[in-house]
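First the structure, in the form of C-alpha cells, and then the observations on it.
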Amino acid sequence: MKKYISLLLVLMMVFTVAACGNSKPQPSSSPSPSPSQSPDATSSPTEGESPKGDDDLAYILDKGELVIGYTDYAPMNYYNEDGELVGFDTEYAIALCDKLGVTPKFVLINWDTKEYELAAKTIDVIWNGLTVTEERRENMAFTNSYIINEQVAVIRAADAEKYTTLESLKSANLVAETGSAGESAANTDLAGASYTAVATQANALLEVKAMTADVAIIDSTMAHTMTGAGTDYADLIVIENLHLTSEEYAIGLRLGSTAVDKFNEITAELIADGTLPAIAEKYGLADRLIKG
1 MKKYISLLLV
11 LMMVFTVAAC
21 GNSKPQPSSS
31 PSPSPSQSPD
41 ATSSPTEGES
51 PKGDDDLAYI
61 LDKGELVIGY
71 TDYAPMNYYN
81 EDGELVGFDT
91 EYAIALCDKL
101 GVTPKFVLIN
111 WDTKEYELAA
121 KTIDVIWNGL
131 TVTEERRENM
141 AFTNSYIINE
151 QVAVIRAADA
161 EKYTTLESLK
171 SANLVAETGS
181 AGESAANTDL
191 AGASYTAVAT
201 QANALLEVKA
211 MTADVAIIDS
221 TMAHTMTGAG
231 TDYADLIVIE
241 NLHLTSEEYA
251 IGLRLGSTAV
261 DKFNEITAEL
271 IADGTLPAIA
281 EKYGLADRLI
291 KG
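Here it is in C-alpha cells:
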C-alpha cells in the first residue's frame, strides 16, 4: 500500500512541474498609451495658460472676456440701491471692453492678495482705484494714469476742533486699509501714531463711526463721496486743507502684458469722444480726470 501511495505522489509532482513549465505570466492590466498616443491628448494649453505664450492681449481676445478684479470702493466700483455694480471704474471698464470686443467679468477680490490673483490668471486686470507705485511696478504693468488722487484724514464731526494739523493727528488712533496708500501715509506722514490695519477702506470708516478709532486715512475720491450730509456717514467729515500723500490711478495688468498699449489706445479714444469725461462728471471726478 505504501508503494502505491509513493508512486501516486511521484506522478502528482511530475504533472505539477510540467504545468508550471508551460504557463506564461500574464500582465495585470493592458499597457497605458503614451501621452502622444492617448486619444485625450491635445496640444491646447492648460487652464490659465496663455494660448500664445506671453501674448496677453491675444489670450484675452481668444477667450472673449476680460476678468476684472475689484473691491467695493465708491465711487470707483460699488453697488447702488438696486444691487447693481456701478462706479467710475465699472463704467470705464464696460466702455473699454465694448471697444475691445470682449465681455467684462467683474470678480470681487481680496485687496491684500491682488498681485497673486493677477499673476495666477484668476483675474486679467486690477481695475479699482489702483495706485501706481514703484514697488508695484516690479510685479505688474500699468496703463497710463487716468485719475489724480490723494490721501485724506476722515474724523468725526464732533472732533473737528481737536484734529486740525498733522501734529494733532499723531495723538489719535489711526486706521487704514492694509496694503493701501492710506497705510503708507499713516506710516510715513504720521509715523509714531497708534495705527491699526483693517481689511477695506469702508471698514476704516466704520471704525471711526463706531468710535473704535479716531481717524481713517483713505482716498480722497472715496472720502468725499461717502461722508457728509445725505450719506451713511453724515457724522464724519474730511479735514480740509490737510492733504497727505498724492498719487495716480492706473489699470494694473500682468508684468510684460501686451494689452497695455491697446488699453491706452482705447482710453485715448474714450477721452476724445467725450465718453470718459462724461463718466467722470457723473461720479464727481471731472476735476481729477487725466486727459493727456
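Quick note on the numbering used here: the sequence shown kicks off at 1 and runs consecutively.
No residue lacks a Cβ here, since even glycine has one placed at the ideal position from N, Cα and C.
In the DSSP output, which residue or residues are listed as bridge partners for residue i?
i           : result
residue 77  : 73
residue 155 : 237
residue 252 : 126, 142
residue 104 : 66
residue 148 : 248
residue 173 : 194
residue 227 : 233
Residue range of the alpha helix (DSSP H) that residue i falls in?
i           : result
residue 288 : Where residue 288 is concerned, there is no enclosing alpha helix (DSSP H), given that its DSSP letter is neither H nor E.
residue 271 : 260-272
residue 132 : Unbroken run through residue 132: none, as it is neither H nor E.
residue 202 : 201-209
Kindly list the residues whose CB is nearer than 8 Å to the CB of residue i, restricted to its own chain and excluding five residues on each side of it in sequence; keep chain order.
i           : result
residue 132 : 142, 145, 247, 248, 249, 250
residue 211 : 156
residue 79  : 72, 85, 86
residue 232 : 226
residue 30  : Per-residue confidence for residue 30 stands at a pLDDT of 33, beneath the threshold of 50, marking its modelled position as unreliable; the derived number appears in the next sentence. Cβ within range, chain order: n/a, list empty.
Applying the criterion that 16 or more other CB atoms from any shown protein chain within 10 Å of the CB defines a buried residue, is residue i buried or exposed?
i           : result
residue 114 : buried
residue 274 : exposed
residue 103 : exposed
residue 165 : exposed
residue 283 : buried
residue 108 : exposed
residue 116 : exposed
residue 135 : exposed
residue 230 : exposed
residue 241 : exposed
residue 182 : buried
Within its chain, find whatever has a CB closer than 6 Å to the CB of residue i; leave out the 5 residues flanking it on each side and keep chain order.
i           : result
residue 193 : 170, 174
residue 276 : 270
To the nearest angstrom, how far is it from the Cα of residue i to the Cα of residue j?
i           : j           : result
residue 70  : residue 92  : 13 Å
residue 95  : residue 270 : 8 Å
residue 263 : residue 129 : 16 Å
residue 189 : residue 206 : 22 Å
residue 287 : residue 203 : 27 Å
residue 138 : residue 161 : 42 Å
residue 90  : residue 168 : 37 Å
residue 97  : residue 266 : 9 Å
residue 106 : residue 201 : 19 Å
Within a Cβ cutoff of 7 Å, which residues of the same chain sit near residue i, ignoring the five residues on either side of it in sequence?
i           : result
residue 281 : none
Kindly indicate the opening and closing residues of the beta strand (DSSP E) around residue i.
i           : result
residue 331 : Limits of the chain in this structure are 1 at one end and 292 at the other, which puts residue 331 out of reach.
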